[in-house]
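The structure under discussion appears below in the form of C-alpha cells.
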Amino acid sequence: MGDSVIEESAVERARAFASRVHADAVDKAGKPYIGHCERVAAKLASDDEKIVAMLHDVLEDTDTPEDELRAVFGDRIVESLRLLTRSADIAPAQYYARLKHDPVARAVKLADIHDNLDPARLSALDPQVASKLIAKYGDALQALAEV
Numbered sequence: 062m063g064d065s066v067i068e069e070s071a072v073e074r075a076r077a078f079a080s081r082v083h084a085d086a087v088d089k090a091g092k093p094y095i096g097h098c099e100r101v102a103a104k105l106a107s108d109d110e111k112i113v114a115m116l117h118d119v120l121e122d123t124d125t126p127e128d129e130l131r132a133v134f135g136d137r138i139v140e141s142l143r144l145l146t147r148s149a150d151i152a153p154a155q156y157y158a159r160l161k162h163d164p165v166a167r168a169v170k171l172a173d174i175h176d177n178l179d180p181a182r183l184s185a186l187d188p189q190v191a192s193k194l195i196a197k198y199g200d201a202l203q204a205l206a207e208v
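Offset between the sequence shown (1-based) and our numbering: plus 61.
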C-alpha cells in the first residue's frame with residue numbers, strides 16, 4: 062500500500078478551530094457550546110455557510126483576532142463573520158439590515174436563530190430565560206424578514 066494523505070476539508074478545519082476556541086464555553090443549559098455551532102452548520106447547505114456557521118461566534122465571544130481567522134479561512138469568510146458579530150454601538154435594525162447584502166451571513170443567522178428557538182433546547186432552560194429568548198429571537202426573525 063502506498064502512503065496517502067487525506068487533506069482536511071475547510072469545514073473540518075472550521076469545526077476543529079471552533080472546538081479549540083470554544084473549548085471551555087457552555088451554552089445557557091450548561092452543555093458544550095460547540096454543539097450549538099455544529100447544529101447550526103448542519104442546517105445549512107454550502108461549505109461557506111457551514112464554515113461560517115461553525116465560526117459564527119468566534120469574533121464576538123473569544124479573543125481570536127480577525128487576522129488569525131483570515132489566515133486560515135480567507136477574506137470572504139471573515140467578512141461574513143464580521144457582519145454576524147454584534148457590538149453595542151450597532152442598533153438591532155442596522156445589524157439585521159447589513160445582513161441583507163451577504164447571503165451566507167443571512168443564512169447562518171437564520172439557522173442560528175432557529176437553533177436558539179428549538180423547543181427541546183428551550184425546555185431545558187428556566188422558563189423566564191426561555192420566554193426572554195423566545196421574544197428576542199422572534200424579534201430577530203421579524204427583523205430579518207423585513208430586510
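We treat Cβ as the ideally placed atom computed from N, Cα and C, and that holds for glycine.
Should residue i be labelled buried (16 or more other beta-carbon atoms within 10 Å of its own) or exposed?
| i | result |
| --- | --- |
| R167 | buried |
| H162 | exposed |
| A114 | buried |
| A102 | buried |
| E110 | buried |
| D124 | exposed |
| R76 | buried |
| I112 | buried |
| V190 | exposed |
| D118 | buried |
The alpha helix (DSSP H) with residue i in it runs from where to where?
| i | result |
| --- | --- |
| D173 | P164 to N177 |
| H97 | I95 to A103 |
| A75 | A71 to V82 |
| D108 | D108 to L116 |
Considering only the alpha carbon of each residue, which of the options lies closest to residue i?
| i | options | result |
| --- | --- | --- |
| A84 | V101, I95 and S148 | I95 |
| K92 | L171, A204 and L186 | L186 |
| P153 | E110, D136, D118 and A201 | A201 |
| E207 | R81, Q155 and R147 | Q155 |
| K170 | L205, R131, V119 and A90 | L205 |
| S107 | V165, V133 and G135 | V165 |
| D122 | R74, E69 and R147 | R147 |
| A132 | A90, R74, S192 and A196 | R74 |
For residue i and residue j, what's the separation of their Cα atoms in angstroms?
| i | j | result |
| --- | --- | --- |
| V139 | D88 | 23 Å |
| C98 | R182 | 14 Å |
| D179 | D173 | 10 Å |
| L116 | Y198 | 20 Å |
| V213 | S141 | An answer regarding residue 213 cannot be provided, because it is not within the stretch 62 to 208 covered by the chain. |
| D176 | G135 | 26 Å |
| A86 | A79 | 11 Å |
| A158 | E127 | 22 Å |
DSSP has residue i in a bridge; who is on the other side?
| i | result |
| --- | --- |
| V87 | P93 |
At a threshold of 7 Å, does residue i count as lining the ligand ADP (C-beta to nearest heavy atom)?
| i | result |
| --- | --- |
| R76 | Judged by which ligands are present, the structure shown has none, so any question about the ligand ADP falls away. |
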